[in-house]
Structure formats: C-alpha cells, structure tokens
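Per our numbering, the sequence shown starts with residue 5, numbered consecutively.
Remarks on the structure that follows.
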Amino acid sequence: MEAEQAKQELRALHGRVQAAFDARADGRSMCRMMSDGVDEILVSLWRTLAPEAARQVDLVAVGGYGRRELAPFSDWDFWLLLPEDADLRVDEEIQHFLYALWDIGAKVGYAVRTCRETLEHLRQDWDAATAALEVRLLAGPGGTFAALQRGIEQFFRRRRSAFVKAKRAEIAQRHKRSGDTAFLMEPDIKEGKGGLRDIQSVFWMVRAWYGVLEPDALVARGILSARELQHLMTAGEFLLRCRVGLHLIAGRASDRLGFEQQVMLSERMDYRPEAGSRAVEVFMKDYFRHAGRIARVSGLLIMHFDELLNPKKFAIERDIGDGFTVRGDRVGIAHPDVFREDPLRLLRIFHVAQEGRRRLSSTALRQVREDVLLIDDAFRAHPDAREQFLAILRSRRNVFWTLREMNNTGVLGRYIPEFRHVVGLGQFNRYHAYTVDEHTIRAVGEARNFIHGERTRRLDLAHEVIYQIHRPELLYLALLFHDIAKGMPGDHSENGARLARSFCQRLNLNVDASALVEWLVREHLTMAVTSQRSDISDPEVIRQFADLVGDISRLNYLLLLTVADIAAVGPNVWNDWKGTLLRELYQATVRYFRGEHVRSESARERLRLRLQAARARLALDEETIQAAVALLPTRCIAHFPPHQLAAVIELVAESRGGARVASRIDDKRCETLIMVVAEERPGLLAMLADALSSGLVNVLAAQAFELKDGRALDVFHVQAANGRVFDESHDLERICARIRHVIETDKPLSPPRPQRQRAHILMRHVPVRVRHLPEASSRQTAIEVTTADQLGLLARLSRAISEAGYNIHNAAISTFGERVVDVFFILDAKGNKLDEAQIRALSERLAKVARVPEQT
Numbered sequence: 005m006e007a008e009q010a011k012q013e014l015r016a017l018h019g020r021v022q023a024a025f026d027a028r029a030d031g032r033s034m035c036r037m038m039s040d041g042v043d044e045i046l047v048s049l050w051r052t053l054a055p056e057a058a059r060q061v062d063l064v065a066v067g068g069y070g071r072r073e074l075a076p077f078s079d080w081d082f083w084l085l086l087p088e089d090a091d092l093r094v095d096e097e098i099q100h101f102l103y104a105l106w107d108i109g110a111k112v113g114y115a116v117r118t119c120r121e122t123l124e125h126l127r128q129d130w131d132a133a134t135a136a137l138e139v140r141l142l143a144g145p146g147g148t149f150a151a152l153q154r155g156i157e158q159f160f161r162r163r164r165s166a167f168v169k170a171k172r173a174e175i176a177q178r179h180k181r182s183g184d185t186a187f188l189m190e191p192d193i194k195e196g197k198g199g200l201r202d203i204q205s206v207f208w209m210v211r212a213w214y215g216v217l218e219p220d221a222l223v224a225r226g227i228l229s230a231r232e233l234q235h236l237m238t239a240g241e242f243l244l245r246c247r248v249g250l251h252l253i254a255g256r257a258s259d260r261l262g263f264e265q266q267v268m269l270s271e272r273m274d275y276r277p278e279a280g281s282r283a284v285e286v287f288m289k290d291y292f293r294h295a296g297r298i299a300r301v302s303g304l305l306i307m308h309f310d311e312l313l314n315p316k317k318f319a320i321e322r323d324i325g326d327g328f329t330v331r332g333d334r335v336g337i338a339h340p341d342v343f344r345e346d347p348l349r350l351l352r353i354f355h356v357a358q359e360g361r362r363r364l365s366s367t368a369l370r371q372v373r374e375d376v377l378l379i380d381d382a383f384r385a386h387p388d389a390r391e392q393f394l395a396i397l398r399s400r401r402n403v404f405w406t407l408r409e410m411n412n413t414g415v416l417g418r419y420i421p422e423f424r425h426v427v428g429l430g431q432f433n434r435y436h437a438y439t440v441d442e443h444t445i446r447a448v449g450e451a452r453n454f455i456h457g458e459r460t461r462r463l464d465l466a467h468e469v470i471y472q473i474h475r476p477e478l479l480y481l482a483l484l485f486h487d488i489a490k491g492m493p494g495d496h497s498e499n500g501a502r503l504a505r506s507f508c509q510r511l512n513l514n515v516d517a518s519a520l521v522e523w524l525v526r527e528h529l530t531m532a533v534t535s536q537r538s539d540i541s542d543p544e545v546i547r548q549f550a551d552l553v554g555d556i557s558r559l560n561y562l563l564l565l566t567v568a569d570i571a572a573v574g575p576n577v578w579n580d581w582k583g584t585l586l587r588e589l590y591q592a593t594v595r596y597f598r599g600e601h602v603r604s605e606s607a608r609e610r611l612r613l614r615l616q617a618a619r620a621r622l623a624l625d626e627e628t629i630q631a632a633v634a635l636l637p638t639r640c641i642a643h644f645p646p647h648q649l650a651a652v653i654e655l656v657a658e659s660r661g662g663a664r665v666a667s668r669i670d671d672k673r674c675e676t677l678i679m680v681v682a683e684e685r686p687g688l689l690a691m692l693a694d695a696l697s698s699g700l701v702n703v704l705a706a707q708a709f710e711l712k713d714g715r716a717l718d719v720f721h722v723q724a725a726n727g728r729v730f731d732e733s734h735d736l737e738r739i740c741a742r743i744r745h746v747i748e749t750d751k752p753l754s755p756p757r758p759q760r761q762r763a764h765i766l767m768r769h770v771p772v773r774v775r776h777l778p779e780a781s782s783r784q785t786a787i788e789v790t791t792a793d794q795l796g797l798l799a800r801l802s803r804a805i806s807e808a809g810y811n812i813h814n815a816a817i818s819t820f821g822e823r824v825v826d827v828f829f830i831l832d833a834k835g836n837k838l839d840e841a842q843i844r845a846l847s848e849r850l851a852k853v854a855r856v857p858e859q860t
C-alpha cells in the first residue's frame with residue numbers, strides 16, 4: 005500500500021466509523037473498528053515502504069492503540085523494536101515509513117529503540133512504563149517483542165510500589181486541575197475526574213500490582229463487586245461512545261464536552277426531551293450519572309491501593325463500638341449486616357468519621373451504597389436520625405467533605421428526598437461551572453470556611469460577621485435548599501422556600517429557626533441583585549432593602565449565604581468588585597438599622613468626612629482642590645469612596661476647563677477607573693462605551709455627571725478581559741488614546757479588530773427581556789436589559805437611550821456567563837423621571853437593539 009491509497013483507506017475508515025455511530029454501535033466496537041482499520045493501514049505501509057525493516061524490526065502498538073481504544077482522530081502510538089544487530093538500511097526505511105504516515109495526516113507518537121534501551125527508558129519515564137502495560141505486536145519476527153514482555157513483567161515485579169505511588173500522585177494532580185469534581189458543566193471526558201483516564205489509571209495500577217489483565221479478575225480477587233465492575237464498564241462504554249462522537253463532530257481529536265458539543269452530541273445520540281427537560285439536559289444527566297460512578301468506583305480502588313502501600317498504617321483494626329471499627333484514618337464496619345441491624349447507623353457512621361477527622365473505608369462505603377434504600381419514611385421520621393443529621397451540620401469538623409460523601413453514597417438524597425432532584429442536574433449556561441448538587445455542597449464548604457475563621461480570598465467582612473452567627477447549621481440548611489427547586493416549574497426561590505419550610509418541620513426546628521431558613525432560601529438572590537443592579541447610594545433603596553431584611557441578625561446570615569453562593573458558582577466568578585458592592589450595601593443597611601438615616605446631619609457629616617479623607621490623599625494646593633470640588637455635584641461626592649474621589653478631584657483640577665482622560669488602578673476594589681472630562685454633547689456616554697468595546701475591557705459600571713460649569717464627567721469602572729485589574733500600562737494607555745480620539749474628533753471609533761460576532765448556541769438560548777425596576781432607584785428611572793453578552797452591546801444600548809432624548813446618569817453591568825444584565829438609571833432632558841408611556845416606548849426600542857444579530 006502506498007501513501008495515496010493509505011489516505012483513501014483512512015478516509016473510508018472514518019466513514020465506516022461514522023456509519024457505525026449513526027447506527028448506534030457501542031463505543032468499544034467502534035474503537036476496535038478504528039484500531040483494526042489502523043492496523044491494516046499501518047502494517048501494509050510498513051511492509052510496503054520498509055521491507056527490510058519489516059523482516060528485522062517488531063512493530064508494536066502501545067497505550068490506547070495497544071488496548072484497541074482508538075477514537076477516529078486519536079494518536080497512533082507505536083514502538084519500533086530494533087534487534088541489537090539491526091541492519092543500517094533499517095534507519096532509512098523507518099524514516100521513509102514515518103514520512104508516509106505524516107503525509108496521510110496521521111498523528112503518530114513513536115519510539116525507535118532496542119529492547120535493552122526500551123527497558124532502560126521505562127526506569128526513567130513513568131509514562132513509558134504505563135504504555136508498556138498495553139503492548140500489542142502488529143508485525144515483525146516477534147523475538148524482540150517477546151524479550152520485551154519478559155522484561156516488562158520483571159520491571160513491574162520489582163517496581164510496582166513505586167509505579168502505583170506515581171500513578172496515585174498523577175491522579176491527584178489531574179483531579180486538582182478539574183476542581184476535584186466529576187460534575188463540571190463542560191467536562192473533559194478523557195482527563196477530568198470521572199473520565200476515561202480514571203478507568204485506565206486504576207486498571208494500570210491493578211495490572212502493575214497483580215499482573216491481572218482481565219477486568220473480571222477484579223471480582224474474582226474480591227477487589228470489586230460484580231455490580232461495581234458492571235457500573236465501571238458500562239460507564240466506560242458510554243464515555244467511549246461520547247468520545248467517538250466528539251471526534252466525528254469536530255473532525256479532529258477533541259475531548260472537551262463543551263455546550264455546543266453537548267447539544268450536537270445529544271442530537272446525534274438520539275436523546276429526546278423528558279418531563280420538562282431538554283434533550284441536552286437528559287443527555288448530560290446520563291453523563292453525570294456515569295462520570296459519578298467512575299469517580300466512585302475508581303475511588304474505591306484508589307483507597308484499596310492506599311491500604312496496600314501503607315500496610316503499617318492500616319495493620320491494626322480497633323473496635324470503637326456500635327458496629328464500627330477504625331483502621332488508620334478510616335472508619336470501617338465490623339460486619340456486612342451492621343446497617344441492616346440498625347439503619348440509623350447509615351447517618352451515624354458519617355458523624356463518627358467527621359468527629360474523628362477520618363474518612364470511610366472502602367468496605368464501609370461499599371456497604372453504605374448497598375444498604376442506602378434502608379432510609380425510608382420511618383427512618384426520616386425517627387428522632388435519632390434528626391439529631392444525627394443536625395449534629396453533622398453543627399460539627400466544627402469538616403461539614404463539606406461529610407456532606408459530599410453523603411451525596412456520593414446516595415445517603416443525602418435518601419434522607420432529603422427533595423435533594424435527589426438536583427443530583428447530577430446541569431445548568432445549561434456558562435455562568436454555573438458545576439451541577440446543582442455540586443454547587444450546593446461547595447457553597448456549604450465556602451460558608452464553613454467563614455464560620456470557622458479560615459481566611460480566604462472572599463469578602464473580609466464575612467470573617468468579621470461570622471462571630472455574630474449563633475446557629476451555623478441554619479445557614480447550612482438554607483444553602484442546602486437554596487437551589488433545590490432548580491429545574492422545577494415556577495420560581496425556584498419560592499418553591500425552594502416552601503420545600504425548606506417542610507424539611508425544617510420534619511427536623512422539628514422551632515418556629516423562629518424554620519422561618520429564618522425559609523426566608524433565606526426565598527431571598528437568597530436579593531442581596532446580590534440589590535448590590536449589583538440598584539443605586540445603593542439612594543437612601544430609599546437602602547430603606548426598602550432594610551425593611552425586607554428586618555434586622556441585623558438576618559442581614560448577617562444573608563450576607564454569608566450570598567458570598568458563599570457566589571463563590572461556589574465557579575472558580576472565577578467571585579471577585580473583589582462584587583465584594584465591594586456587597587460591603588457597601590451591608591454597611592449602609594447597618595447604618596439604617598442603627599438609626600443614622602433619620603439624622604440629616606449624619607449624611608452631611610459623611611460627605612464632609614469623605615471630602616476630608618479625599619483631600620488628605622492629594623498633593624495639590626488647597627485653592628486648586630477647592631476650585632475642583634466646587635464643580636462637583638453632590639451626587640458625585642456621595643458616590644465615590646475617598647480614594648476614588650481623590651482621583652476624580654485630581655482629574656477635574658488638571659482638566660483646567662477643557663477635556664481630559666485619565667485612568668487609575670484600584671487594587672482594593674479589583675477595578676480600574678477610566679475617567680473622562682469633556683464638553684457635554686448628545687450621545688457622549690455611548691461614544692465612550694463604543695471606544696471601550698475592543699474586547700480588551702470588561703465594563704462593570706458607568707456614571708455620568710454634569711459638572712457645574714456644564715462639562716460632562718463620565719467614569720467607567722472596568723476590568724481586564726480576564727476579570728482582573730489591568731497590570732499592563734500599555735493596554736491602559738491604548739484604551740485612553742482611543743477615548744481621546746473620540747472626544748477630540750467627536751466621531752465614534754470602531755473596535756480595532758472589526759468582526760461579526762457569531763451567535764454561540766448558548767447566546768441563542770438567552771431570551772431578551774427589558775423591564776422597569778421602580779425599586780432600584782427613587783431618584784431616576786431604572787431600566788433593566790437582559791440579553792446575550794455581545795461585543796459593543798453597552799454602546800448600542802447607550803446610543804439608543806441617547807437617541808430617544810434621555811440622559812444616562814448611572815449604569816450597572818453584570819455578566820453571568822453568556823448572559824448580561826445591564827441596568828440604566830435615566831432621566832429625561834429636563835431632569836425628570838420617565839412616565840409610563842416613555843418607559844414602554846423606550847423598553848420596546850431597547851428590546852430591538854438588545855437582540856443577538858442572528859436573532860433579527
């Protein structure tokens with residue numbers, strides 16, 4: 005076979021795999037089909053292009069190719085095993101063979117070594133040693149391959165402990181990169197936790213330690229139960245089929261199951277909508293079920309090897325009573341019937357492990373899963389079960405890990421039946437990184453860190469407030485229920501509050517405690533929404549929020565819940581900007597509760613103190629400062645904290661009656677201020693927003709003020725595109741230069757790299773919604789626009805408002821993955837709020853502007 009024919013054969017092979025996929029073939033059979041087809045191509049080319057080498061050299065498939073698990077665009081990994089006395093012509097033929105493989109578009113990983121060199125390399129490279137566990141002779145005389153197999157067996161007899169330790173560390177590192185969870189919304193189906201690599205890794209350890217090659221031997225040796233092995237193999241089959249599908253969809257090697265791929269794959273795998281869930285959600289529910297099983301069963305095998313690697317640590321087993329034992333740092337069971345004798349032990353064992361800072365043994369975990377159906381209505385109604393569950397929540401030990409293990413074993417969903425609904429429930433958006441159950445338990449972990457004083461990157465204020473929380477278990481309960489009604493018809497906050505009230509009654513909590521948990525669940529979004537989308541410098545907004553909260557105690561609980569909820573959404577969702585807004589809302593509400601709002605002199609005094617603090621930061625003379633301050637409207641002075649107010653005063657002073665642009669990095673608030681003083685003109689804010697729509701800038705908020713000499717002062721709060729403060733001065737200078745061009749030429753500036761933005765599949769699922777928010781400000785008309793995040797959206801919306809004859813005084817921009825929520829605070833040309841007719845007309849106009857281009 006020549007290269008051109010091989011290229012045609014490879015194309016035909018891909019076509020056969022595609023046809024098999026469409027005919028619903030299983031994943032393993034398609035991978036074997038692909039591997040066998042590659043065998044034919046590879047061996048034919050080898051014998052045609054390297055005839056002399058083929059007589060002397062063994063061609064050996066290794067790794068995934070060796071175990072016949074090639075996906076359509078997987079690497080072809082092989083070794084060429086040279087005899088010690090190989091002919092010199094062999095090298096030239098091997099090069100000719102490799103060039104042909106590259107010419108046909110194959111991605112190959114190869115090594116050319118003697119048997120002795122290969123075995124020496126295994127001692128230096130654990131990846132090579134791993135590949136050696138799955139070797140398969142493709143062509144050649146076979147003598148060198150046989151010698152290699154003998155050497156490999158001897159190698160693992162001597163170094164099995166070191167190999168297993170290396171694999172154990174590799175697994176831990178890999179899991180750390182995926183957040184130590186199998187429940188990421190855009191998972192890597194190969195390398196992520198609960199992925200194919202987990203199955204492969206534990207089988208590698210088994211083969212290295214026991215010399216066992218067939219999975220059934222795990223059951224025969226008592227390492228896994230037949231059910232666990234079935235779960236592992238079935239889940240592996242599902243993921244292999246997904247992987248083949250991903251390769252076929254992408255036309256290249258691809259292992260990341262992104263949102264677009266999820267939709268396409270669910271369609272190609274013939275999923276259908278079920279019980280109010282879209283087909284893609286049903287597909288992902290299946291994915292998470294299988295990934296969770298892989299994570300659980302492979303976890304059992306890893307625990308098994310931990311015990312083998314540390315025989316002294318686990319040598320002595322102590323009976324600690326109530327049917328439980330301790331060996332090392334693991335809590336075990338005295339006999340298999342321990343839970344059937346007393347089902348309440350299914351909760352008790354978790355509390356015992358929690359209090360001893362231990363984990364459950366593999367045997368105990370296995371038995372818990374076997375007996376979890378013992379948790380029924382009678383169990384849930386038992387007073388001891390209630391006490392055990394509350395004791396777990398009240399413990400100062402690790403609540404997060406305990407709840408996670410209870411969830412992984414099914415105990416949490418059996419004890420709280422409502423929770424089963426969200427297990428493995430994905431949220432089809434880029435804002436939420438995890439499934440609902442994973443997010444929920446992570447939120448409890450975040451709150452636990454505050455309650456026990458562990459310093460994190462989260463809001464410092466939360467660490468101060470925790471000392472005023474007297475019943476942390478109520479906060480945990482609210483977090484467990486805050487998203488429990490996701491995916492159900494209706495408002496998930498209202499539905500969740502109703503479910504929380506019912507569960508609190510089952511726990512026999514008193515009326516006040518139940519009411520607090522119910523209220524926290526109902527209002528769990530309120531503090532974040534108020535801080536990010538309302539004018540929190542407006543006393544009326546603070547009054548309404550404070551009236552809703554009721555007292556400082558509830559405010560403290562709500563703050564902690566809000567911070568924990570946001571921080572648990574995803575790795576990069578929390579930032580100091582959100583923290584700053586929450587802190588300002590919290591402090592303003594505390595002042596309200598203390599009665600400061602009723603003393604007019606307190607507001608004037610705060611303005612005076614703010615100006616005094618700002619002056620102290622300036623190196624200008626007093627006359628210059630006084631002149632600049634005299635130009636600032638009171639609303640401007642009240643809006644900025646002292647360190648930012650100082651920057652504004654300095655800008656106004658340096659403008660000397662003309663135009664000026666300046667930037668100021670604010671590490672404290674994780675933002676950069678872009679400040680502009682210019683002659684007022686219609687649409688100025690929109691033109692400036694246009695200049696910022698370069699893809700380099702993430703706009704968080706904007707304010708527009710009119711100085712007392714008639715000029716405009718516009719301030720943009722921005723971050724770099726990665727969500728952090730700018731650390732490159734040339735980027736800031738480039739941005740400021742674009743703004744200077746706009747105010748000097750009075751012409752809008754298009755983005756530096758003009759391109760039509762393709763509507764991502766998630767963008768097409770974001771509905772456009774425009775609504776009036778009367779509670780967001782008593783001084784201006786607040787209009788909220790929700791739509792898909794798009795390049796230049798803020799500029800388009802601002803321009804539409806300006807062209808309608810209205811002035812923007814403030815804007816708050818919140819981005820939630822592919823969804824953006826912009827709130828504009830508007831007055832008409834006479835400085836009045838808009839009437840109903842004006843609001844309705846403007847809302848219709850903004851709705852048209854906010855549509856994704858492909859939606860029009």
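For glycine and all other residues, C-beta sits at the position ideal for the given N, C-alpha and C.
Can you give the Cα-Cα distance for residue i and residue j, rounded to whole angstroms?
i	j	result
Gly275	Leu228	At residue 275 the sequence reads Tyr, which differs from the Gly that was named. For Tyr275 and Leu228, the distance between alpha carbons rounds to 32 angstroms.
Arg505	Arg526	10 angstroms
Ala786	Val567	25 angstroms
Val372	Met307	16 angstroms
Phe485	Asn499	10 angstroms
Ala865	Glu218	No information on residue 865 is available, as it lies outside the stretch 5 to 860 that the chain covers here.
Gly714	Ala706	19 angstroms
Pro637	Lys197	56 angstroms
Arg558	Ala623	43 angstroms
Determine the closest residue to residue i out of the options, with distance taken between C-alpha atoms.
i	options	result
Gly146	Gly109, Ser165, Leu85	Leu85
Phe383	Arg349, Arg370, Leu397	Arg349
Arg93	Gln60, Ile108, Ala104	Gln60
Arg614	Val633, Tyr596, Ile641	Ile641
Arg475	Asp441, Val210, Leu513	Leu513
Is the CB of residue i under 8 angstroms away from at least one CB in chain D?
i	result
Asp694	You won't find chain D in this structure, because it holds only one protein chain.
Taking the CB atoms as reference points, tell me whether residue i and residue j lie closer together than 8 angstroms.
i	j	result
Asn702	Ala666	no
Leu49	Phe101	yes
Arg201	Arg178	yes
Arg322	Val330	yes
Ala572	Glu450	yes
Leu269	Gly249	yes
Gln536	Leu585	yes
Val652	Met679	yes
Leu243	Ile193	yes
Leu564	Ile445	no
Evaluate residue i with the Cβ neighbour count: other Cβ atoms within 10 Å of its Cβ, from every protein chain shown; 16 or more gives buried, anything less gives exposed.
i	result
Thr593	buried
Ile320	exposed
Gln616	exposed
Val469	buried
Thr749	exposed
Asp580	buried
Glu345	exposed
By DSSP's criteria, residue i is part of a beta bridge. Which residues make up the other side?
i	result
Thr118	Leu86
Phe828	Ile787, Ala815
His776	Ile787
Phe432	According to DSSP, Phe432 bridges with nothing at all.
His721	Leu677, Ala705
Ile669	Thr676
Leu337	Position check: residue 337 holds Ile in this sequence, whereas Leu was assumed. Answer by DSSP bridge pairing, in chain order: Phe328.
Asp62	Leu85
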